[in-house]
Every structure is written in C-alpha cells, then in structure tokens.
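Structure first, then comments.
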Amino acid sequence: MEDALWAQLQNTGLEEHDDKDRIEAESDDEEVDVQEELSVPHEERLQGPQTGPKGVKADHEYHQQKKLVTESKARAEYNARLLAKAPMTTTYLQDEANKDREELLILQAEEEEEDDLKYYREKRLRELKNMSRQQRVFGTLTTITADEYADEIDEEMGDIPVLVHLFDESIPTCKLLDEHLRGLSNKYSLAKFIRVSALQLEFDLVESPAILVYKNGILIANLVRIIDEVSTRFDIDEIEDVLTRHGALSENDLYDLPTNYA
C-alpha cells in the first residue's frame, strides 16, 4: 500500500516538472520570436507580410502600407510626367497670344523696312540734287531759240557733250527723232540735249532731221542726214547706236534719274 502511494507521488512530481519545463520552453520560444521581429529592419518589415505572433493584423497593416507606397509611387510618376511636359505645353489662349505677338513683330519689321527705304530714297534724291549743283545733270530735251544757240553750246565746258537737233515740223522723222532723244536724254542725263528750228537758223535739212554734237565748243559729230545712218525702223536703239559710234554719247554720260526727280 505504501509502495503504491509512493509511486503515485513520484509520478505527480514528474508531471508537474514536465509541465513547468514545457511552459518555460514556450515562454523562451515567444521571447525569441519577439526578439527576432524586433531585430528585423523597419524597411524589411514594410516589404513583406509579418508572420509572427501579430498574425492577421500584421498582414493587414503590411498590405495597407504596400498600397500606400504603390499609390505614392504612381502619383510621383504622374507628377513627373506633367512637369516634363509643362515647358512644351501651352494653352489655346497662350497660342493665340503668341500668334498676335508674331504678327505684331512682322508688322513692325515691315514698317521699319519701309521707313529705311523712304530714308535712303530721300537721301539719294538729296545727293542727286547736290550733284546737279556741282555737276550739271540735265535729263531733258530742251527747245531753244536761234538767239540762244551759241550760248547754250559755249556755256558747257569740260566733257559735257551738247547734242543739237535741228528740226522741221513738216518732216515726220523729226517728230519721231524728238521722242527718241527725250528717252535718251533721261538715260544719258549728264549730256545736254537741245532742239532748235532749222528754219530759224536758215539751215536746209534736205528732208532729214540733223544732229550736231559739240564738246568744249568744238563740233565733234555732224549727222546732217541721220536717216542714212539707220534702217527704215528708225527706232531708239538705232539712234543710240549711231550716237555712240560717232562719239556723241558714252558710258560717262550715263546717269539714270529717279522717276520723281525734280
């Protein structure tokens, strides 16, 4: 009887010892889990689900954090794309304002160009007028009388040629020659072109206009029958060719006048 009681007491002690050891072991395991969880860096805990003692709550917090990180990243990328496009993107009103500015700049440039052209045109006219005072510029066919004939020739000295058209109103080619000489006088404006009645000078034209050319008061070309020098066309080019061949006109006499020269 005593032996049976002693055996039962021993078994009870062993069971209590085993329960104590099991409780201590479980406590040790829980402490290790907590220490391991605390030793994991904060970034790693954010990057994956926690499977420790927090269980479902930890998983829920992990997914919430992951969702926030994903949304934040997407928002940052979207903002970056907007910022990248911003310098190249304009609104409709900005585009219209830019067009207005461009049109205004073009108009201003055109006005400045017109002002420049006007300035240089006026400057050129002043130069021509000053030149006409220093160097005789003619540009016209002038009618003179027999009394003025000698003075009109003698007053032009130097290299200025004086071309005299002896005309008769009854000869048709005289009128045509007047037209050609007016055109040439504008082109060779440094040469002097005059016309005088052959009847006043008592000069016989023999059915042909005549041209006499003087330089320094000396007769240098005597074209009393100019119709013999040209063809039946009798155009301005032929008259110009005859005058240049006889030395009546040269490149030194060329000076084109502006249309509004006065």
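In full-length UniProt numbering, the protein residues as written are 1 to 262. We put the beta carbon where it would ideally sit given N, CA and C, even for glycine.
Next on the checklist: Taking a contact to mean a Cβ-Cβ separation below 8 Å, would you say K192 touches V162 in this structure?
Outcome noted: Start at 1 with the first residue of the sequence shown, and residue 192 comes out as number 192. Start at 1 with the first residue of the sequence shown, and residue 162 comes out as number 162. Yes, the pair counts as a contact, with Cβ atoms nearer than the cut-off.
Checklist entry - What's the C-alpha gap between Y255 and S189? => result Along the sequence shown, one-based indexing puts residue 255 at 255. Along the sequence shown, one-based indexing puts residue 189 at 189. Looking at the two C-alpha atoms, the distance is approximately 5 Å.
Item to check | Counted within 10 angstroms of its Cβ, other Cβ atoms place V196 as buried (16 or more) or exposed | outcome: On the sequence shown, position 196 is the one that residue 196 refers to. With 16 or more other Cβ atoms within 10 Å, it is buried.
Item to check | Contact under 8 Å by Cβ, F203 with L243 | outcome: As a working note, residue 203 is residue 203 in the sequence shown. As a working note, residue 243 is residue 243 in the sequence shown. It is not a contact, given that the beta carbons lie outside the stated cut-off.
Checklist entry - Among residues of its own chain, excluding the 5 on either side of A146, which ones have a beta-carbon nearer than 6 Å to its beta-carbon? => result Here residue 146 is taken as the residue at index 146 of the sequence shown, counted from 1. Same-chain partners within the cutoff: Q200 and L201.
Next on the checklist: I need the boundaries of the alpha helix (DSSP H) containing residue 271, first residue and last residue.
Outcome noted: Because the chain spans 1 through 262 in this model, residue 271 falls outside it and cannot be assessed.
Checklist entry - Which residues in the same chain as P209 place their Cβ atom closer than 8 Å to its Cβ, once the five residues preceding and following it in sequence are excluded? => result The residue labelled residue 209 in the question sits at position 209 within the sequence shown. Cβ within range, chain order: H165, L166, F167, D168, I171, T173, C174, L177, I226 and I227.
Next on the checklist: Considering only the alpha carbon of each residue, which of F234, R136, L107 and I218 lies closest to A248?
Outcome noted: Sequence index remark: in the sequence shown, residue 248 carries index 248 (1-based). The candidate whose alpha carbon is nearest that of A248 is I218.
Checklist entry - Do you know whose CA, among N186, Y120 and L223, lies nearest V137's CA? => result Counted from its first residue, the sequence shown places residue 137 at position 137. With distances taken between Cα atoms, V137 lies closest to N186.
Checklist entry - Going by other Cβ atoms of all chains shown within 10 Å of its Cβ, with 16 needed for buried, is A109 buried or exposed? => result Walking along the sequence shown from the start, residue 109 turns up at place 109. Answer is exposed; the Cβ neighbour count stays below 16.
Checklist entry - What span of residues does the alpha helix (DSSP H) with I153 cover, start to end? => result In the sequence shown, residue 153 corresponds to position 153, counting from 1. DSSP places I153 in the uninterrupted alpha helix (DSSP H) bounded by Y149 to D154.
Checklist entry - Which same chain residues, not among the five before or five after R182, have their C-beta less than 6 Å away from its C-beta? => result For the purposes of this step, residue 182 is taken as residue 182 along the sequence shown, with counting starting at 1. Only L141 meet the Cβ criterion.
Checklist entry - Which residues in the same chain as Q135 place their Cβ atom closer than 8 Å to its Cβ, once the five residues preceding and following it in sequence are excluded? => result Looking up residue 135 in the sequence shown gives position 135. Result list for Q135: L190, in chain order.
Checklist entry - Within this structure, are the beta carbons of I144 and I211 separated by less than 8 Å? => result The residue given as residue 144 occupies position 144 in the sequence shown. The residue given as residue 211 occupies position 211 in the sequence shown. Taking the C-beta atoms as reference points, I211 is found no nearer than 8 Å to I144.
Next on the checklist: Rounded to the nearest angstrom, what separates A150 and I220 at their Cα positions?
Outcome noted: Counting from one through the sequence shown, the residue named residue 150 turns up at place 150. Counting from one through the sequence shown, the residue named residue 220 turns up at place 220. So the alpha carbons of these two residues sit roughly 16 Å apart.
Item to check | 8 Å Cβ cutoff met for M157 and N252 | outcome: Your numbering for residue 157 matches position 157 in the sequence shown. Your numbering for residue 252 matches position 252 in the sequence shown. Here M157 is not near N252, since their CB atoms are 8 Å or more apart.
Item to check | Closest residue to L223 among I239, E152 and E71 (Cα-Cα distance) | outcome: Within the sequence shown, residue 223 is the residue found at index 223, counting from 1. Ranking the options by Cα distance to L223, first place goes to I239.
Item to check | L205 in three-state terms, based on DSSP | outcome: The residue you call residue 205 lines up with position 205 of the sequence shown. Residue state, collapsed to three classes: coil.
Item to check | C-alpha distance - L107 paired with K73, whole-angstrom precision | outcome: Residue mapping note: residue 107 aligns to position 107 of the sequence shown, counting from 1. Residue mapping note: residue 73 aligns to position 73 of the sequence shown, counting from 1. The straight-line gap from Cα to Cα measures roughly 50 Å.
Item to check | Where A198 falls, given that 16 or more other Cβ within 10 Å makes a residue buried | outcome: The count along the sequence shown starts at 1 and reaches residue 198 at position 198. Per the 10 Å Cβ criterion, buried.
Next on the checklist: I need the straight-line Cα distance from Y78 to E96, nearest angstrom please.
Outcome noted: If you number the sequence shown from 1, residue 78 lands on position 78. If you number the sequence shown from 1, residue 96 lands on position 96. So the alpha carbons of these two residues sit roughly 28 Å apart.
Next on the checklist: To test your reading of the DSSP string, which unbroken alpha helix (DSSP H) runs of 4 or more residues are found completely within the segment 215-241?
Outcome noted: DSSP runs (the alpha helix (DSSP H)) wholly in the segment 215-241: none.
Checklist entry - Do you know how far the Cα of R75 is from the Cα of Y62? => result If you number the sequence shown from 1, residue 62 lands on position 62. If you number the sequence shown from 1, residue 75 lands on position 75. About 20 Å.
Checklist entry - Taking the beta strand (DSSP E) that F167 falls in, what are its first and last residues? => result As a working note, residue 167 is residue 167 in the sequence shown. Start and end: P161 to F167.
Item to check | Three-way DSSP call (helix, strand, coil) for V69 in this model | outcome: In the sequence shown, counting from the first residue as 1, residue 69 sits at position 69. Three-state DSSP puts V69 in a helix.
Item to check | Where the beta strand (DSSP E) through T142 begins and ends | outcome: Your numbering for residue 142 matches position 142 in the sequence shown. Counting along the chain, the beta strand (DSSP E) containing T142 begins and ends at L141 to T143.
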